[in-house]
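Mapping the sequence shown onto full-length UniProt numbering, position 140 (from 1) lands on 140, and the numbers just tick up by one.
All residues carry an ideal CB built from backbone N, CA and C; glycine is no exception.
Keep in mind that this is a model prediction, so the values were computed, not measured.
Since the structure comes first, as structure tokens, the remarks are kept for the end.
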Amino acid sequence: RPAAPSPVQLEDRNGTPLWADGAPTQSAIEAGLAPLLGVSGDHANSVAGMLARLPVSDATVSRASGAAVGARLTLDLPLQALSQRVLECIGMHRGRWDGKACIGGQPAPEGRHAGLVILDTETGDVLAAAGAGAGQVSAANWAEVRDFDRTSPARSPLRLPALQHDGGAHQSPGSTFKVVSALGLELAAQRDPQIDALLGGMPLPAINRLAQQRGFGFQTDAASYPLNPRLAHITNYHEQSLDRRAQEGRLGLAQALTYSLNTWFAWSGELSDQSLFGRADGGAPDLQALDADALDAVRPIVAAAHRLGFEQTLRLDGGLLPADFNWRSWDALQATPAHIDPIHTRHELRQMSIGLRMQVTPLQMALAAAAVGQGKVVAPRMLLTLGRTDSAVPEMKPVGIRLDRIKAGMKGVVDVGTGAGAFGGAALAGVRRGLYGKTGTAPTGDDTATVWFTGWLEPGTLPGQTHRLAMAAFASHSDATGGEHAAPVLAAVLSTLAAQNREQKGK
């Protein structure tokens, strides 16, 4: 007979109670944490449900928890509550956040869901993990929700949009994946001087000459690639050419990121991929990996994705759960792996380079930004202490890839590029100085898209902020772009934090 579940007590990083006596606290419910922490005592995949599998012992009882399994989470309740409210206001309803309340807004279209993650890149601590659109869950409808969860777990209201995905079409990161593509191109540049020169910025005539010499239907004055309209092709946003985005007559990785130039990434991705043998047609794009990283030496963009954690289950227990812990599918401290669909054609390779044909979470995209900002592969965690044992920050591996050109492009996104509209204005002037980012818009048919923003904030940008913060937010079923819909979510969170700090200074 299985052991009876142990009582559990949960606190946020500051010691504020989040879960006690078999239920989430009211402040945790208001911060959108019930699906994560547990809606009720028999919510088996929640954090409380997971920890209830542990025995009450000296190893699991904290000073504060008495005769219950006690844990402190990395979450910061005030930041979580703010993130949840802003995500619901702007991410779900396209309202305006005035620093304290939501103004305006419209009914969310059917099926829209949204998620947000903010994490500390020095420690991997997940400070906020907000989600919306999965459906209302409470003690009142718990039995019905639990039954649905058992039969359709991927579509359940208990899924956590910040950390988990259902593998569906509404989880593509769009152009935020160009951060990963850029890392892959920099990997390729380590062995290919021609790609290195392309990333550094070449005069427009030299780029066109290179494409022509190699037989590629790519031109900087064209809105699509390849030029042949009868072939499947990639198009730039609003069918713009690349020429107008050149800086002093040169175009490279920084400009391609700042203005999210699809055709440049599609062509550069082909040049970097050794399955195509450097040729404009033919090659072996449909090579399939027999084991997880078999194609990494051939396909540098995929190698970069694997380096950041794609295709790997991310466990958020901070190494505190025992080695023989009984992990189950959809456990809350287990993020869904980001996944890239198999590639069979050259066009699918181009689509991958611009962030289509894959499924991700805000956690994974925040980790991509964190790797560029920190220069290390950040290991995330959500469990800070279990009983009287603290989680140790693991040694984080250097990314091992040139980053200055990617950073320049991501700074440009915020200052003059696709995210500039969201981060303009006097209220965000201080934040803008330390912010780097990337927008994304992944079309999903019916003139709607899943929209994204990911980036990081340099230490010291906000008063008292000693560590770099990485972040990502998305909303599905949007008729706008990442710059118009997702970036404003994080702009509102950051401007509110900046204003709170100014108010505290003034007291």
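Item	Value
Identify the continuous beta strand (DSSP E) that holds residue 477 and give its terminal residues.	469-478
Going by other Cβ atoms of all chains shown within 10 Å of its Cβ, with 16 needed for buried, is residue 167 buried or exposed?	exposed
Taking the continuous alpha helix (DSSP H) assigned at residue 407, which residues delimit it?	404-415
Can you give the beta carbon distance from residue 130 to residue 32, rounded, assuming they're within the 8 angstroms contact cut?	6 angstroms
Pull up the DSSP beta-bridge partners for residue 120, would you.	469
Can you give me the C-alpha to C-alpha distance between residue 408 and residue 149, rounded to a whole angstrom?	44 angstroms
Is the beta carbon of residue 258 sitting closer than 8 angstroms to the one on residue 440?	no
Compute the Euclidean distance between the alpha carbons of residue 569 and residue 371, then round it to the nearest angstrom.	It is not possible to answer for residue 569, since the shown part of the chain is limited to 1 through 507.
Would you list, in sequence order, the uninterrupted alpha helix (DSSP H) runs of no fewer than 4 residues that lie entirely inside the stretch 289-342?	300-307
Contact between the stretch 193-209 and the stretch 352-370 is defined here as three or more beta-carbon pairs at a separation below 8 angstroms; is this criterion met?	no
Going by DSSP in three states, residue 234 sits in which element: helix, strand or coil?	strand
Between which two residues does the beta strand (DSSP E) carrying residue 9 extend?	8-11
Taking 8 angstroms as the threshold (C-beta atoms), are residue 91 and residue 473 in contact?	yes
Could you give the DSSP three-state label for residue 112: helix, strand or coil?	coil
Using only CA atoms, which one of 141, 208 and 10 lies nearest to residue 65?	10
With a threshold of 6 angstroms on Cβ separation, who are the neighbours of residue 234 within its own chain once the five nearest residues in sequence on each side are excluded?	225, 262, 263, 266 and 350
Who pairs with residue 250 in a beta bridge, going by DSSP?	203 and 247
Pull the bridge partners of residue 453 from the DSSP assignment, please.	439 and 473
Could you name the residues of the same chain whose beta carbon sits closer than 7 angstroms to that of residue 105, not counting the 5 residues immediately before and after it, in chain order?	89, 93, 94 and 95
Determine the burial state of residue 199: buried for a count of at least 16 other Cβ atoms within 10 Å of its Cβ, exposed for fewer.	buried
Which same chain residues, not among the five before or five after residue 34, have their C-beta less than 6 angstroms away from its C-beta?	24
Anyone know if the C-beta pair for residue 185 and residue 272 falls short of 8 angstroms?	yes
Exposed or buried, what is residue 397 when buried is set at 16 or more other beta-carbons lying within 10 Å of its beta-carbon?	exposed
So who's on the other strand from residue 103, going by DSSP bridges?	96
Do residue 468 and residue 456 come within 8 angstroms of each other at the CB atom, strictly closer than that value?	yes
Taking just the CA atoms, how far does residue 482 sit from residue 179?	15 angstroms
Between the C-alpha atoms of residue 254 and residue 14, what's the straight-line distance to the nearest angstrom?	40 angstroms
Since residue 125 and residue 381 should fall inside the 8 angstroms C-beta cutoff, what is the C-beta to C-beta distance between them, to a whole number of angstroms?	6 angstroms
Tell me which residue opens and which closes the alpha helix (DSSP H) that residue 363 is part of.	362-374
Excluding the 5 residues preceding and the 5 following residue 391 in the sequence, name in chain order all residues of the same chain whose CB lies nearer than 7 angstroms to its CB.	318, 319, 320, 381, 383, 384 and 385
Which word fits residue 307, buried or exposed, when buried means at least 16 other C-beta atoms lie within 10 angstroms of its C-beta?	buried
In whole angstroms, give me the CA-to-CA distance for residue 58 and residue 325.	17 angstroms
Give me, in chain order, the residues of the same chain whose beta-carbon lies closer than 7 angstroms to that of residue 480; leave out the 5 immediate sequence neighbours on both sides.	451
Could you check whether residue 428 and residue 497 sit closer than 8 angstroms to each other, using their CB atoms as the reference points?	no
Answer with buried or exposed for residue 98, where buried requires no fewer than 16 other C-beta atoms within 10 angstroms of its C-beta.	exposed
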